[in-house]
Amino acid sequence: MLSVGLGGMALVTALAVPAQAHQPERDHGSVAWEVKDSGSDARFRGLAAVSRSTAWVAGTKGTVLRTSDGGRTWKNVSPPGAGALEFRDVEAFDGRRAVVLAIGEGEASRVYRTEDGGASWSESFRNTDPKAFYDCLAFFDPRHGLAVSDPVDGKYRVLSTADGGRSWRVLPNEGMPAAEPGEAGFAASGQCLVASGPRDVWLATGGGATGRVLHSSDRGLTWTAAESTIPAGDPARGVFGLAFRDRTHGLAVGGDYRADQPSPRAAAVTGDGGRTWRPSATPVAAYRSGVAWLPHTRSAALAVGPTGTDLTQDGGRTWRTVDTGSYDTVDCAADGGCWAAGERGRVARLGR
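Heads up: the sequence shown begins at 97 in our numbering, then just goes up one per residue.
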């Protein structure tokens with residue numbers, strides 16, 4: 097059970113976690129994860145929170161669902177013929193316009209777009225390079241966006257759109273730093289590529305010697321790389337999810353996704369746009385794949401993973417576990433509507 101005080105946008109928790117029972121509580125009206133019946137058994141790693149009433153989820157078996165009534169009912173709006181695809185990211189501009197990304201080698205990586213709430217879809221990109229594997233999408237605004245692939249010939253490949261996802265082009269890679277041996281992105285939550293503002297975008301990596309975060313301030317033309325402090329050095333370890341509340345303040349989460357492996361130092365923070373990162377003094381309790389700032393706060397955020405939800409109230413310096421439900425991704429809308437999604441059709445909304 098997660099309880100959050102939002103009056104005056106102050107955020108405090110009071111949860112059934114015995115180790116935290118002694119902590120003082122400031123209650124300004126409570127909210128909690130409210131699990132919704134999606135009617136699906138798909139695993140949803142793609143999530144777009146439009147508002148408290150409207151959200152999109154995308155996942156296995158080519159599944160895309162949309163709700164417009166706060167999760168009471170869900171409409172299956174999956175693209176026709178997409179049953180063999182793995183959707184890992186969805187970016188929605190409202191209840192009618194959305195872009196979804198299917199991952200995989202070669203032609204398994206595709207982008208679809210809808211303008212009518214999923215009643216019809218157009219395939220706007222299909223990868224034809226067998227060496228490319230697309231992981232995540234991010235949009236700066238309803239027209240400009242990027243998609244990123246694992247390294248091709250030693251550098252990450254970036255797609256760009258300037259028409260809301262109707263068409264895509266591969267950006268030149270002269271401004272992209274070389275990838276480390278074994279380095280790649282993680283298509284775990286739709287948050288390995290995130291944008292803030294009209295031009296800034298960040299890319300999370302793992303698998304190489306260090307977990308890095310790459311940053312571009314010109315919509316993907318040139319990039320700089322920084323070590324994140326989150327351990328990597330193995331194909332299963334690194335930075336899995338990023339969140340920026342503005343162009344300078346960011347959070348990174350990750351760890352080792354294998355259930356039998358520990359994930360120490362699996363959270364980091366930046367206050368300079370990702371040029372430098374410092375480890376959280378009290379990191380997330382375990383591997384976390386998704387992270388989101390709570391709207392209209394400067395210091396509160398949620399991180400989610402298969403073993404639970406963690407909360408920070410001090411901008412990522414310290415985290416504590418506040419729920420043990422399994423989620424892969426989390427996203428919040430401007431009106432305060434926060435959603436989470438994960439395995440076996442699990443979807444929840446943060447209530448008031």
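Note that CB positions come from ideal geometry on N, CA and C, so glycine has one too.
Can you find the residues in the same chain that come closer than 8 Å, C-beta to C-beta, to residue i, ignoring five residues on each side of it along the sequence?
| i | result |
| --- | --- |
| GLY202 | ASN223, THR224, ASP225, PRO226 and ALA228 |
| ALA258 | ARG239 and HIS240 |
| ASP431 | SER147, ARG148 and PRO391 |
| ALA381 | THR403, GLY404, ASP406, TRP415, ARG416 and THR417 |
By how many angstroms is the C-alpha of residue j removed from the C-alpha of residue i?
| i | j | result |
| --- | --- | --- |
| GLY293 | ALA429 | 15 Å |
| ALA138 | GLY286 | 16 Å |
| LYS132 | GLY401 | 18 Å |
| ALA291 | ASP427 | 13 Å |
| PRO379 | ALA362 | 6 Å |
| TRP217 | GLY337 | 28 Å |
| TRP264 | VAL349 | 29 Å |
| PRO358 | LEU299 | 24 Å |
| ASP190 | GLY307 | 33 Å |
| SER126 | PRO391 | With a pLDDT of 44 at SER126, under the threshold of 50, the modelled position of this residue cannot be trusted; read the value that follows with caution. The alpha-carbon atoms of SER126 and PRO391 are separated by roughly 15 Å. |
| ALA305 | PRO360 | 16 Å |
| VAL266 | ARG253 | 7 Å |
| VAL113 | PRO327 | Caution is warranted here: a pLDDT of 32 is assigned to VAL113, below 50, making its placement in the model unreliable, and the coordinate value is therefore given only provisionally. The alpha-carbon atoms of VAL113 and PRO327 are separated by roughly 27 Å. |
| THR320 | ARG341 | 20 Å |
| LEU242 | THR169 | 31 Å |
| ARG445 | SER136 | 16 Å |
| ASP410 | ALA198 | 35 Å |
| GLU439 | SER385 | 13 Å |
| TRP389 | ASP185 | 18 Å |
| ALA397 | GLY412 | 7 Å |
| ALA329 | ASP165 | Ala is not the amino acid found at residue 329; the sequence shown has Gly there. About 44 Å. |
Which residues share a DSSP beta bridge with residue i?
| i | result |
| --- | --- |
| CYS434 | CYS428 |
| HIS311 | TRP298 and THR320 |
| GLU187 | VAL195 |
| THR408 | ALA397 |
| SER218 | ARG209 |
| PHE235 | GLY241 |
| LEU289 | LEU299 |
| LEU446 | TRP129 |
| LEU347 | ALA339 and VAL365 |
| GLU203 | None, per the DSSP bridge assignment. |
| TYR230 | SER245 |
| GLU265 | First, the amino acid is wrong: residue 265 is Arg here, not Glu. Paired residues: SER256. |
Going along the chain, which residues of its own chain have a beta-carbon closer than 6 Å to the beta-carbon of residue i, five neighbours each way excluded?
| i | result |
| --- | --- |
| TYR353 | ALA332 and TYR383 |
| ALA151 | ALA145, THR163 and TRP435 |
| LYS171 | ARG162 |
| TYR208 | PRO175, VAL196, TRP217 and GLU219 |
| GLY351 | SER359, ALA362 and TYR383 |
Going by the CB atoms, is the gap between residue j and residue i shorter than 8 Å?
| i | j | result |
| --- | --- | --- |
| VAL387 | ALA399 | yes |
| SER220 | GLY261 | yes |
| SER134 | GLY404 | no |
| SER324 | ALA364 | yes |
| LEU233 | GLU182 | no |
| GLY433 | ARG193 | no |
| PRO273 | LEU310 | yes |
| TYR230 | SER205 | yes |
| GLY367 | GLY334 | no |
| ALA322 | ARG371 | yes |
| ASP246 | ALA280 | yes |
| ALA339 | GLY346 | yes |
| GLY200 | VAL173 | no |
| LYS251 | ALA283 | no |
| ARG315 | PHE235 | no |
| THR176 | VAL160 | Reading off the sequence shown, one finds Pro at residue 176, where the question assumed Thr. Not in contact: PRO176 and VAL160 (Cβ atoms no closer than 8 Å). |
| GLU211 | GLY447 | no |
| THR414 | SER376 | yes |
| VAL244 | LEU289 | yes |
Terminal residues of the continuous beta strand (DSSP E) containing residue i?
| i | result |
| --- | --- |
| LYS251 | 251 to 257 |
| ALA377 | Note, ALA377: premise wrong, no beta strand (DSSP E); not H, not E. |
| THR159 | THR159 -> no beta strand (DSSP E), and no H or E assigned at all. |
| LEU181 | That residue, LEU181, is in no beta strand (DSSP E); it is neither H nor E in DSSP. |
| VAL244 | 241 to 248 |
| PHE140 | 140 to 145 |
| PHE340 | 333 to 340 |
| ASP330 | Segment: none, ASP330 is in no beta strand (DSSP E) and carries neither H nor E. |
| ARG416 | 416 to 419 |
| TRP152 | 151 to 155 |
| VAL173 | First-last for VAL173: undefined, no H or E at that position. |
| ALA388 | 386 to 389 |
Skipping 5 residues on each side, what residues in its chain have a beta carbon closer than 7 Å to that of residue i?
| i | result |
| --- | --- |
| GLN116 | Confidence at GLN116 is low in this model, with a pLDDT of 32, below 50, so its placement is unreliable and the value that follows should be read with caution. Same-chain partners within the cutoff: ARG416. |
| SER313 | ARG295 and ASP296 |
| ALA491 | What the structure shows of the chain is the stretch from 97 to 448, and residue 491 is not part of that stretch, so it cannot be assessed. |
| LEU437 | Sequence check: residue 437 is Ala here, not Leu. Contacts found: PHE140, LEU143, VAL153, TYR423, ASP424, THR425 and VAL443. |
| ARG343 | SER292, GLY293, ASP296 and GLY369 |
| GLY155 | ALA138, ARG139, PHE140, ARG141, GLY142 and PHE183 |
| PRO277 | GLY304 |
Is residue i near the ligand HEM - that is, is its Cβ less than 7 Å away from at least one heavy atom of it?
| i | result |
| --- | --- |
| ASP212 | You won't find the ligand HEM in this model; it holds no ligand whatsoever. |
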